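Visitor:
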């Protein structure tokens, strides 16, 4: 089992990611956050293997979240903003 945390300030974004993950029974969502401050708390508490992390959020950005983590897990950045696309 791989623990997953989903971080997105939009509920629809979190729901969509959670629905995609339902197809992978070895991935277990252990927490969700809608802002950077809660994301730091959840990630440091649950120590997930994987985090889906929005970049542009109120308060702390996804990049700021990384600076506040005790350990950095595998990260998949998600965003609705074109300027962050790779």
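Numbering (our numbering), first residue to last: 28 to 113. Glycine is no exception: its CB is placed at the ideal position from the N, C-alpha and C atoms. All of these numbers come straight from a predicted model, not from anything done at the bench.
Short check: CB of residue 27 to CB of residue 61, under 8 Å?
Guide: Residue 27 lies beyond the range of the chain shown here (28 to 113); nothing can be said about it.
Visitor: Output needed for residue 57: all residues of its chain with C-beta closer than 7 Å, excluding positions within five of it in sequence on either side, in chain order.
Guide: Excluding sequence neighbours, residue 57 sits near 30, 31, 32, 73, 75.
Visitor: To test your reading of the DSSP string, which unbroken beta strand (DSSP E) runs of 3 or more residues are found completely within the region 54–104?
Guide: Qualifying beta strand (DSSP E) stretches, in chain order: 54–60, 77–81.
Visitor: Alpha carbons only, please: which of 97, 34, 50 is nearest the one belonging to residue 65?
Guide: For residue 65, the nearest C-alpha among the options comes from 34.
Visitor: Thinking C-beta only, is residue 69 closer than 8 Å to residue 103?
Guide: Contact: no.
Visitor: Pull up the distance between the alpha-carbon of residue 43 and that of residue 55, whole angstroms please.
Guide: Going from the Cα of residue 43 to the Cα of residue 55 covers about 15 Å.
Visitor: Which same chain residues end up closer than 7 Å to residue 53 when comparing Cβ atoms and leaving out the 5 residues on each side of it in sequence?
Guide: Here the set comprises 28, 29.
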